[in-house]
Structures are given as C-alpha cells and as structure tokens.
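K.L.:
This is the structure I have questions about; it appears just below.
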Amino acid sequence: MLVLGIETSCDETAVGIVEDRFTVRSNVVASQVDLHAPFGGVVPELAARAHLQLMQPTIERALVEAGCRLGDVDAVAVTHGPGLAGALLVGVAAAKGLALGADLPLVGVNHLRAHVEAAQLEFGELEPPVVALVVSGGHTSLVVLEEPVADGSRPGFRQLGATIDDAAGEAFDKIARFLGLGYPGGPEIDRLARDGDPTAHDFPRPLARDGTYNFSLSGLKTAVIRELRRLEAAEVEVDLADVAASFQEAIVDVQVDKAVRAATEHDIDTVVLAGGVAANSRLRHRMAEAMEQVGGRVLVPHVQLCTDNGAMVAAAGANLLAAGEVSDLGLAADPNLALADPAGVGGIP
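In structure tokens:
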C-alpha cells in the first residue's frame, strides 16, 4: 500500500511516499529558507504563496523518485494542523484535489503526531507506551503514547507537559538572531556551540526543579540578552561560541532531565525525540547518554526525518488508514489542533 503525504504546516513544501507504513519510497522537501532568511523568521503570507508555487512540482518529483504514478497511490494524507493557517490551507486544498480527482481516501494528520510516528520509518513499529519529547520551532511538548485500550483501538497521546511560553526552536532562532548568526538559528547555534564551553556562562534552567513536566524559555532568552549587554557595557570581549554552548546546554539540561524523569516515573523504557530541534547534536547525545544510565533507550530518527517532511505525514496517515480512520472532503485546516488533552484524553487524529 502506497500513501502520499503532504506537509505544509510552516515553511517547507514537502511530499513523501511511504509503502506499507514503514518504507520510504520518496521524501522531497522544497525549502523556503532563502526566502525567509532576510527577515530572520518565517513570514506567513510569503510561506503560503511559495507553497502554491512549489506544490505541483514537489508532488511530481516525489512520484518520480518513488517510481510510481498517482494511479498507483492508495491514499493521500495531509497535515491539517497545527501550523500557520495560510500554509495549512494550501496543503489541505492540494490533498483534497488529489483525493477527489483520483478517487482516493483522504486522511487528515496531526503534524505533531506525524513527527513522533516518523520514528517508525527508521526503527519499525513503535511499541507503546513510549515517552515522546516533541521539540520544534512552534512546539515543545512531553507526551506519552499510550497502550491500546481494551477494544484494540489505535493508541492515543496523553500530554504530560508543554512550554508555557516560547518553544525551543523559537528560542534558538531569537538568540541566533541576537548573536548575528544565520537563519534558521537552531543549526547555526548547534554548529557554533561545538567550539564553545558549555560552562562558560551560568544561564538559568527555568522550571528545572518545579516538579512538573512543563518548560519555559522566555526567561532564559532574556537572561542571555541581559548578560551579553552587561558584558558589552563592561567592554568585556565575548566568545560567541561559549555563549552558544552555554545557552544550548541550559535548554538541553531541562529537556533531558524532564524527559528521563517522565520515563522513569511512568516505568517506560523508551523515549522518542521528535521535531526539528531533535536534530540538535547535543540534545541527541545527552538524551542517549541519560537513557542508557537508567537502562532505557532513545529513538531519534535521522535528521531528515526530524525536520518537517512528507514521509512522516505519509507514515502517520498510513497508520490512521490501517485503523479505519479517514477524513471526508470537509476536512478543515486547524492552526491550533491539539495532539493530546492535558487531562489525559487520547490524541486527536
């Protein structure tokens, strides 16, 4: 069974084709980084217009790389939230057109669920329960993929915690911009930090010991900016690599501590790292090290499966299709679509 997945939640026009839930046949991403770089962040209107221009050629390239035609595809999956409203609308409209024109099932996919289930493309079936740390430009959440209930229905997600202000990717972008680095900021800080000392600056670890699974990054950003301004006023030479390493370490410390605590307190031996920030080399290393110390494991997909991509949407769509969960042509884009209810209600497909 072939599922074509479309992802346009932010600034990547992505189309992937997955066979039988686990095998990537193609995974094409048309990046908009150069378009948004002059602005230091994603401009929603520009992103939506670029999706319109890039959608058809990206679909065609994905089909060619997969060695198939649209007539060979069994279903179309599409991210319908959360994300930027205009960007989501382009992807949903394209998916509806394909599904209607080729008489194919349409499957609406939650963007965050797709990030988690991207792990199955590299590691095979995810055996719940697992803890998932979802970290990206717009989201930082700690969730549990629950075991199936007695009736055998598809497992859902239970939220343990989330950011109360800024997401990790947003924080990386803002500090990178303040440091005069390129966009997107996460990869730039990751590269610079490799040459820095993570103990050079004692930046705060917000909510590190509050007993919850929540995150907060706004205060950390403010602390970094204040420290840099203080040093500048004192005419102290600043090593940007040390700043990047210390800032990154403060974020990673809290994320690793809370994810590992969630796993041990819930007697779960597997943590999945998901989302664009999961590509961060320090986070990947520290999480693997910490889980090994408690006798568990961490599943971190290849970097290309961590950032926004169509294959992850196709994989999640294939899971939904296998469970008999399909959408109709009334499927709407939902910029605020939730992955899980904090009170413990299962995830929304």
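In the working numbering, the protein residues as written are 1121 to 1469. Yeah, the Cβ is synthetic: ideal placement off N, Cα and C, and Gly gets one too.
Work out the CA separation of A1252 and G1415 for me, nearest whole Å.
P.N.:
On the sequence shown, position 295 is the one that residue 1415 refers to. On the sequence shown, position 132 is the one that residue 1252 refers to. Taking the straight line joining both Cα atoms gives about 17 Å.
K.L.:
Going by Cα to Cα distance, which pick from G1331, V1363, E1355, L1351 is closest to L1340?
P.N.:
Your numbering for residue 1340 matches position 220 in the sequence shown. It is V1363.
K.L.:
Under 6 Å Cβ to Cβ from V1374, same chain only, skipping five residues before and after it: list those, please.
P.N.:
For the purposes of this step, residue 1374 is identified with residue 254 of the sequence shown, where counting begins at 1. Excluding positions up to five away in sequence, the list reads R1325, A1328.
K.L.:
Touch check for the region 1440-1448 and the region 1413-1427: three-plus C-beta pairs under 8 Å?
P.N.:
no
K.L.:
For G1281, name the three-state secondary structure that DSSP assigns.
P.N.:
In the sequence shown, counting from the first residue as 1, residue 1281 sits at position 161. In the structure shown, the three-state DSSP call for G1281 is strand.
K.L.:
In the DSSP assignment, the alpha helix (DSSP H) including S1401 goes from what residue to what residue?
P.N.:
The count along the sequence shown starts at 1 and reaches residue 1401 at position 281. 1401-1413 is the extent of the alpha helix (DSSP H) around S1401.
K.L.:
Given P1275, which residues of its chain have a CB within under 7 Å of its CB, disregarding the five upstream and five downstream residues?
P.N.:
Residue numbering aside, residue 1275 sits at position 155 when the sequence shown is read from its first letter. Cβ within range, chain order: P1248, L1265, E1266, E1267, P1268.
K.L.:
Run the CB neighbour count on R1350, radius 10 Å, all protein chains shown included, and call it buried at 16 or more, exposed below.
P.N.:
Position 230 of the sequence shown, counted from the start, is the residue given in the question as residue 1350. R1350 is exposed by the Cβ-count criterion.
K.L.:
In whole angstroms, what separates the C-alpha of Q1240 from that of L1122?
P.N.:
The count along the sequence shown starts at 1 and reaches residue 1240 at position 120. The count along the sequence shown starts at 1 and reaches residue 1122 at position 2. Straight-line Cα distance between these residues: approximately 16 Å.
K.L.:
What span of residues does the beta strand (DSSP E) with L1457 cover, start to end?
P.N.:
What you label residue 1457 is simply residue 337 of the sequence shown in a count that begins at 1. Counting along the chain, L1457 falls outside any beta strand (DSSP E), and DSSP gives it neither H nor E.
K.L.:
Kindly list the residues whose CB is nearer than 8 Å to the CB of A1182, restricted to its own chain and excluding five residues on each side of it in sequence; keep chain order.
P.N.:
Within the sequence shown, residue 1182 is the residue found at index 62, counting from 1. Hits under 8 Å: L1124, V1135, G1136, I1137, S1146, N1147, V1148, G1430.
K.L.:
Who are the Cβ neighbours of V1212 in its own chain at under 7 Å, not counting the five residues just before and after it?
P.N.:
Residue mapping note: residue 1212 aligns to position 92 of the sequence shown, counting from 1. Here the set comprises V1198, H1200, L1451, A1453.
K.L.:
For S1336, I'd like the list of residues in its chain whose CB is within less than 6 Å of its CB, leaving aside the five on either flank, ordered along the chain.
P.N.:
Translated into positions along the sequence shown, residue 1336 becomes position 216. If you ignore the 5 residues before and after S1336, its C-beta comes within less than 6 Å of the C-beta of I1284, D1285, P1326, L1327, all in its own chain and listed in chain order.
K.L.:
Which one or two residues does DSSP pair with E1445 in a beta bridge?
P.N.:
Against the sequence shown, residue 1445 aligns to sequence position 325. Paired residue(s): none; E1445 is not in a bridge.
K.L.:
Using the Cα positions of T1384 and D1377, report the straight-line distance between them to the nearest angstrom.
P.N.:
Start at 1 with the first residue of the sequence shown, and residue 1384 comes out as number 264. Start at 1 with the first residue of the sequence shown, and residue 1377 comes out as number 257. Approximately 11 Å, taken between the alpha carbons.
K.L.:
Quick one: is D1131 buried, meaning 16 or more other Cβ sit within 10 Å of its Cβ, or exposed?
P.N.:
Numbered from its first residue, the sequence shown carries residue 1131 at position 11. With 16 or more Cβ atoms within 10 Å of its Cβ, D1131 is classed as buried.
K.L.:
According to DSSP, is T1384 helix, strand or coil?
P.N.:
As a first step, residue 1384 must be located in the sequence shown, where it is residue number 264. Helix at T1384.
K.L.:
Distance, Cα to Cα, A1434 vs V1153?
P.N.:
Counting from one through the sequence shown, the residue named residue 1434 turns up at place 314. Counting from one through the sequence shown, the residue named residue 1153 turns up at place 33. Cα-Cα distance, rounded: 23 Å.
K.L.:
Mark F1159 as exposed unless 16 or more other C-beta atoms lie within 10 angstroms of its C-beta, in which case mark it buried.
P.N.:
By 1-based counting over the sequence shown, the position of residue 1159 is 39. The residue in question, F1159, is exposed, as its Cβ has fewer than 16 Cβ neighbours within 10 Å.
K.L.:
Run the CB neighbour count on V1465, radius 10 Å, all protein chains shown included, and call it buried at 16 or more, exposed below.
P.N.:
On the sequence shown, residue 1465 is found 345 positions in, with the first residue counted as 1. Because V1465 sits at a pLDDT of 34, beneath the cut-off of 50, its placement in the model cannot be relied upon, and the following sentence gives the value as read from the coordinates. Taking a 10 Å sphere around the C-beta of V1465, we find fewer than 16 other C-beta atoms and assign the residue as exposed.
K.L.:
Can you tell me whether DSSP reads V1251 as helix, strand or coil?
P.N.:
Numbered from 1 along the sequence shown, position 131 holds the residue referred to as residue 1251. Residue state, collapsed to three classes: strand.
K.L.:
Assuming F1277 and L1459 form a contact by the criterion Cβ under 8 Å, report the distance between their Cβ atoms to the nearest whole angstrom.
P.N.:
The sequence position of residue 1277 within the sequence shown is 157, counting from 1. The sequence position of residue 1459 within the sequence shown is 339, counting from 1. Yes, they are in contact, since the Cβ atoms of F1277 and L1459 sit about 5 Å apart, within 8 Å.
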